[in-house]
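> Residue numbers (the working numbering): 46 to 246.
Structure below; questions to follow.
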């Protein structure tokens, strides 16, 4: 499946926040990209606000429209708040779990590690980034790949705040999904209700 591979700072500037992680350029240039970005003051319509939130979520999780809409349909079919369930489905994707565990520095790097068969799920190699994990399943770096520079450097780098819904076993380079995260445990700045309203039009 295709994915966005263009300039990330440009996307972060469009939304006014570092959706791909810390960005030094964004700290200096907070205005939207483009020749007239600094002078653009147009107010968005209700539809525009909803569309912007959906686009932001898709960029954050590295998904295109077809797959993101499929996740929405799966969320809508479940009992509970559709918006919260949508984010939970995105958070329990294999590539996102690899990123949250600190095995990869970014979601794009996590996706590549999964696609190149460096990651196992319950002891078996899984090369599907969108694979949805269930509580109790274990994600690990394949044994022969545990000395890879990108993985070792990522694990040794200052880790983000530990996730209460994940358990990390550093000696074995493995992590277990303890539970599906509640909305309050998901740090992403996404208003999922706006996405629900957009798809419900």
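Ideal placement from N, C-alpha and C gives every residue a C-beta, glycine not left out.
Please read these numbers as outputs of a predicted model, since none were measured by experiment.
(1) With 16 other CB atoms within 10 Å as the buried threshold, where does residue 92 fall?
(2) Span of the alpha helix (DSSP H) holding residue 198?
(3) Just mark residue 159 as buried or exposed, buried being the case when its beta carbon has 16 or more other beta carbons within 10 Å.
(4) Would you call residue 147 buried or exposed, if buried means 16 or more other Cβ atoms sit within 10 Å of its Cβ?
(5) Please name the residue in 111, 128 and 219 whose C-alpha comes closest to that of residue 196.
(6) Is residue 225 helix, strand or coil when you go by DSSP?
(7) Does the stretch 219-230 come within contact of the stretch 126-134, defined as at least 3 CB pairs closer than 8 Å?
(8) Quick check: what's the CA-CA separation for residue 102 versus residue 174?
(9) Going by DSSP, what residue range makes up the alpha helix (DSSP H) through residue 155?
(10) Quick one: measure Cβ to Cβ for residue 185 and residue 141, integer angstroms, because I've assumed they're closer than 8 Å.
(11) Note the first and the last residue of the continuous alpha helix (DSSP H) segment covering residue 164.
(12) Can you tell which of 166, 165, 143 and 168 has its C-alpha closest to the C-alpha of residue 156?
(13) Quick check on the DSSP output: the beta strand (DSSP E) that includes residue 137 runs from which residue to which?
(14) Please classify residue 99 as buried or exposed, where buried requires at least 16 neighbouring CB atoms within 10 angstroms.
(15) Please list, in chain order, all residues of the same chain as residue 222 whose beta carbon is under 6 Å from its beta carbon, the five residues on each side excluded.
(16) Between residue 171 and residue 165, what straight-line distance do the alpha-carbon atoms span, to the nearest angstrom?
(17) Classify residue 81 as buried or exposed, calling it buried when 16 or more other Cβ atoms lie within 10 Å of its own Cβ.
(18) Just verifying my parser: in three-state terms, what is the DSSP assignment at residue 189?
(19) Just mark residue 136 as buried or exposed, buried being the case when its beta carbon has 16 or more other beta carbons within 10 Å.
(20) List the whole-angstrom C-beta distance separating residue 190 from residue 163, where the pair is believed to meet the contact cut-off of C-beta under 8 Å.
Taking the geometry as given:
(1) The residue given as residue 92 occupies position 47 in the chain shown. Under this definition residue 92 is an exposed residue.
(2) The sequence position of residue 198 within the chain shown is 153, counting from 1. Residue 198: member of the alpha helix (DSSP H) spanning 194-201, first to last residue.
(3) As a first step, residue 159 is located in the chain shown; it is residue number 114 there, counting from the start. Label assigned to residue 159: buried.
(4) What you label residue 147 is simply residue 102 of the chain shown in a count that begins at 1. Looking at its Cβ environment, which holds 16 or more other Cβ atoms inside 10 Å, residue 147 is buried.
(5) Here residue 196 is taken as the residue at index 151 of the chain shown, counted from 1. The shortest Cα separation from residue 196 among 111, 128 and 219 belongs to 219.
(6) Numbered from 1 along the chain shown, position 180 holds the residue referred to as residue 225. Coil.
(7) yes
(8) Locating residue 102 in the chain shown gives position 57, counting from the first residue. Locating residue 174 in the chain shown gives position 129, counting from the first residue. Their Cα atoms are separated by approximately 17 Å.
(9) Along the chain shown, read from residue 1 onward, the residue named residue 155 stands at position 110. Residues 152-160.
(10) In the chain shown, counting from the first residue as 1, residue 185 sits at position 140. In the chain shown, counting from the first residue as 1, residue 141 sits at position 96. With 8 Å as the limit, residue 185 and residue 141 do not qualify as a contact, their Cβ atoms being about 16 Å apart.
(11) Position 119 of the chain shown, counted from the first residue, corresponds to residue 164. Where residue 164 is concerned, there is no enclosing alpha helix (DSSP H), although the beta strand (DSSP E) it sits in stretches over 164-166.
(12) Along the chain shown, read from residue 1 onward, the residue named residue 156 stands at position 111. The candidate whose alpha carbon is nearest that of residue 156 is 143.
(13) The residue you call residue 137 lines up with position 92 of the chain shown. No beta strand (DSSP E) contains residue 137, which DSSP labels as neither H nor E.
(14) Along the chain shown, read from residue 1 onward, the residue named residue 99 stands at position 54. Buried is the call here.
(15) One-based indexing of the chain shown puts residue 222 at position 177. Contacts found: 178, 180 and 182.
(16) Here residue 171 refers to the residue found at position 126 of the chain shown. Here residue 165 refers to the residue found at position 120 of the chain shown. Roughly 5 Å separates the two Cα atoms.
(17) Mapped onto the chain shown, residue 81 falls at position 36. Annotation note: pLDDT 48 at residue 81 (below 50); position unreliable, no value reported.
(18) To locate residue 189, count along the chain shown from 1; it is residue 144. In the structure shown, residue 189 sits in a helix (DSSP, three-state: H, G or I).
(19) Counting from 1 along the chain shown, the entry for residue 136 is found at position 91. Under this definition residue 136 is a buried residue.
(20) The sequence position of residue 190 within the chain shown is 145, counting from 1. The sequence position of residue 163 within the chain shown is 118, counting from 1. Residue 190 to residue 163, Cβ: 4 Å. Contact.
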